[in-house]
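See below for the structure under consideration.
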Amino acid sequence: MKLYDLELSGNSYRVRLLLSLLGLKHEAVTVNLMKGENREPWFLKLNPRGQVPTLDDGGTVVWDSMAILAYLARKYGGEK
13 MKLYDLELSG NSYRVRLLLS LLGLKHEAVT VNLMKGENRE PWFLKLNPRG
63 QVPTLDDGGT VVWDSMAILA YLARKYGGEK
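Using our numbering, read the sequence shown as starting at 13 and increasing by one per residue.
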């Protein structure tokens with residue numbers, strides 16, 4: 013699982029927080045917005061809006077922080 017984010021982003025923070033609370037290991041990939049990495053073709057293939065956070069969960073790509081939170085909660089947040 014990869015999370016494309018920016019450490020200073022509040023929306024990215026809430027996704028990182030839920031990943032932590034769920035105990036999910038992930039690879040954090042920093043997208044440097046100041047250098048325009050979010051507008052490079054490789055990132056726009058993942059997220060046509062060019063925004064962080066973007067989650068790639070084994071080929072399932074979800075963007076928009078609220079959509080990511082809902083996805084993670086539904087897939088991994090079940091009672092144990």
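Virtual Cβ for every residue (Gly too), placed ideally from N, Cα, C.
Contact between the region 42-52 and the region 77-90 is absent: fewer than 3 CB-CB pairs across the two stretches fall below 8 Å.
Taking Y25 as reference, the option from P65, M46 and N59 with the minimal CA-CA separation is P65. In this structure, L15 places its C-beta atom within 7 Å of the C-beta atom of A40.
DSSP places V43 outside any alpha helix (DSSP H), giving it a letter other than H or E. Assignment of L67 by DSSP, reduced to helix, strand and coil, places it in the strand class. When beta bridges are read from the DSSP output, Y16 appears opposite V41 and T66. Cβ atoms of H38 and L31 come within 8 Å of each other, at about 6 Å.
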